[in-house]
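Worksheet for the structure shown next.
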Amino acid sequence: MDITLFVINTVICAIFWLLSRFCCAWIGRLSEASAGQTLRDVEAHLSQAPGEKLFPWLMDISPRPRLTALFHYLFRGLTSLPLLGMVFGVTLPFVPAWEVYARYLINTMFVLYMTLFVLGLALFDPLHYRWTGKYR
3 MDITLFVINT VICAIFWLLS RFCCAWIGRL SEASAGQTLR DVEAHLSQAP GEKLFPWLMD
63 ISPRPRLTAL FHYLFRGLTS LPLLGMVFGV TLPFVPAWEV YARYLINTMF VLYMTLFVLG
123 LALFDPLHYR WTGKYR
């Protein structure tokens with residue numbers, strides 16, 4: 003087993019982990035928008051109440067708490083997926099048969115995050131305006 007696949011897979015997953023925050027940020031913002039809050043409203047509230055957790059506050063004020071929770075957990079899950087890929091990459095030297103799956107994982111993550119980026123460009127503004135009545 004060549005160690006280069008291990009290094010390449012881990013580095014690519016680390017890059018995807020950084021990019022996933024960018025590609026999925028709109029899902030986190032939709033979590034706030036589904037509670038009827040804009041980014042400025044959230045920042046104003048958190049500056050007035052330091053130390054308060056964002057998610058429980060959003061759930062308390064949200065007219066659609068299930069939708070708010072769905073977007074919140076979707077954001078957390080999608081941004082944690084590359085971390086799972088890094089764990090998978092660390093185990094590659096010990097299980098060489100997983101080399102094929104590592105390539106599928108990298109390709110799948112690339113397609114997933116590029117699709118999420120394009121969906122964010124297309125869907126964020128209309129949904130945000132519909133739920134908050136304001137543009138960002």
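Quick note, my numbering runs 2 ahead of the 1-based positions in the sequence shown.
From the three backbone atoms N, C-alpha and C, an ideal C-beta is built for every residue, glycine too.
Because the structure is a prediction, the values reported are computed rather than measured.
Nonlocal neighbours in the same chain, by C-beta distance under 7 Å from residue i, ignoring five residues either side
{"i": "CYS26", "result": "PHE77, LEU80, THR81 and LEU118"}
{"i": "GLU101", "result": "LEU7 and LEU94"}
{"i": "MET61", "result": "PRO67, THR70 and ALA71"}
Cβ-Cβ separation, residue j to residue i (assumed contact under 8 Å), whole Å
{"i": "THR93", "j": "SER33", "result": "About 32 Å; that fails the 8 Å criterion."}
{"i": "GLY122", "j": "TRP28", "result": "4 Å"}
Span separating the alpha-carbon of residue i from that of residue j
{"i": "PRO58", "j": "HIS74", "result": "11 Å"}
{"i": "GLN39", "j": "ARG105", "result": "40 Å"}
{"i": "ALA99", "j": "ARG31", "result": "40 Å"}
{"i": "ALA37", "j": "LYS55", "result": "15 Å"}
{"i": "GLU45", "j": "THR134", "result": "15 Å"}
{"i": "ILE5", "j": "GLY53", "result": "44 Å"}
{"i": "MET111", "j": "LEU86", "result": "11 Å"}
{"i": "TYR115", "j": "PHE24", "result": "9 Å"}
{"i": "ALA51", "j": "ALA124", "result": "33 Å"}
{"i": "VAL120", "j": "PRO128", "result": "14 Å"}
{"i": "LYS136", "j": "HIS47", "result": "17 Å"}
{"i": "HIS130", "j": "SER49", "result": "22 Å"}
{"i": "LEU41", "j": "VAL113", "result": "28 Å"}
{"i": "ILE108", "j": "PHE126", "result": "26 Å"}
Among the options, nearest to residue i - alpha-carbon criterion
{"i": "ALA16", "options": "MET88, ASP127 and PHE112", "result": "MET88"}
{"i": "PRO65", "options": "VAL13, VAL113 and ALA35", "result": "ALA35"}
{"i": "SER22", "options": "ALA124, PRO128, HIS130 and PRO84", "result": "PRO84"}
{"i": "ILE10", "options": "PRO52, LEU86, GLY91 and PRO128", "result": "GLY91"}
Contact set for residue i: own chain, Cβ-Cβ below 8 Å, skip 5 residues either direction
{"i": "ILE63", "result": "ALA37, GLY38 and GLN39"}
Exercise for the section: Counting only runs of 4+ residues fully inside the stretch 47-96, write out the alpha helix (DSSP H) ranges in chain order. Expected result: List check, alpha helix (DSSP H) in window: 56-63 and 67-93.
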